[in-house]
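Presented below is the structure to which this report refers.
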Amino acid sequence: MTNPYVAPNSDVNVDADNNSGQKSDIVPEGVKGWSWGAFFFSWIWAIFNKTYIGLLALVPYIGFIFSIYLGIKGRELAWKNKQWESIEHFNSVQRKWSIWGVCFLLIAIVGIVAAVALPAYVEYKNAVGGV
Numbered sequence: 002m003t004n005p006y007v008a009p010n011s012d013v014n015v016d017a018d019n020n021s022g023q024k025s026d027i028v029p030e031g032v033k034g035w036s037w038g039a040f041f042f043s044w045i046w047a048i049f050n051k052t053y054i055g056l057l058a059l060v061p062y063i064g065f066i067f068s069i070y071l072g073i074k075g076r077e078l079a080w081k082n083k084q085w086e087s088i089e090h091f092n093s094v095q096r097k098w099s100i101w102g103v104c105f106l107l108i109a110i111v112g113i114v115a116a117v118a119l120p121a122y123v124e125y126k127n128a129v130g131g132v
């Protein structure tokens with residue numbers, strides 16, 4: 002007898018309470034919340050999480066709006082669209098996406114500060130006769 006809780010054509014075993022990947026309107030506690038990974042890596046995140054509406058983030062002028070939408074609703078959409086082993090597995094994967102998103106933000110901030118500060122520093126050094 003086969004396990005009724007194994008998704009067809011899948012190696013992922015799911016719990017009886019796990020409704021991930023079934024596009025159900027009922028989302029378990031601990032799934033909803035902001036996703037930095039979905040916000041910063043919108044189209045890559047969307048492909049990985051089978052949330053293909055996120056590819057609209059590539060469209061000029063509406064991409065940023067869709068990135069915000071994915072940041073707000075992304076975790077919920079990922080739960081509905083992809084089969085996950087458990088809520089713990091889902092949260093673990095989404096946490097990694099968020100960590101990479103925050104790292105990207107920090108690197109971007111450092112890069113912007115450096116792009117502004119370095120030319121100003123070089124100009125200052127030239128003005129005071131250094132170099």
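For the sequence shown, the residue numbers in the working numbering are 2 to 132.
Using N, Cα and C, we set each Cβ at its ideal position, and we do this for glycine too.
What is the DSSP secondary structure of residue i, counted as helix, strand or coil?
| i | result |
| --- | --- |
| residue 124 | helix |
| residue 36 | coil |
| residue 19 | coil |
| residue 102 | helix |
| residue 24 | coil |
| residue 86 | coil |
On the DSSP letters alone, give me the boundaries of the alpha helix (DSSP H) that residue i sits inside.
| i | result |
| --- | --- |
| residue 68 | 64-82 |
| residue 44 | 43-49 |
Output needed for residue i: all residues of its chain with C-beta closer than 7 Å, excluding positions within five of it in sequence on either side, in chain order.
| i | result |
| --- | --- |
| residue 77 | 28, 32 and 33 |
| residue 43 | 55, 58, 67, 68 and 71 |
| residue 20 | 27 |
Leaving out five residues before and five after residue i in sequence, what residues of the same chain have Cβ atoms less than 8 Å from its Cβ?
| i | result |
| --- | --- |
| residue 95 | 36, 38, 76 and 79 |
| residue 114 | none |
| residue 63 | 57 |
| residue 25 | 81 |
Measure how close the beta-carbons of residue i and residue j come, nearest whole angstrom, since I'm counting them as under 8 Å.
| i | j | result |
| --- | --- | --- |
| residue 126 | residue 82 | Between residue 82 and residue 126 the Cβ distance is about 54 Å, and since that is not below 8 Å, they are no contact. |
| residue 112 | residue 40 | Not really, about 18 Å apart at Cβ, beyond 8 Å. |
Whose C-beta lies closer than 6 Å to the C-beta of residue i among residues of the same chain, with five residues either side of it excluded?
| i | result |
| --- | --- |
| residue 110 | none |
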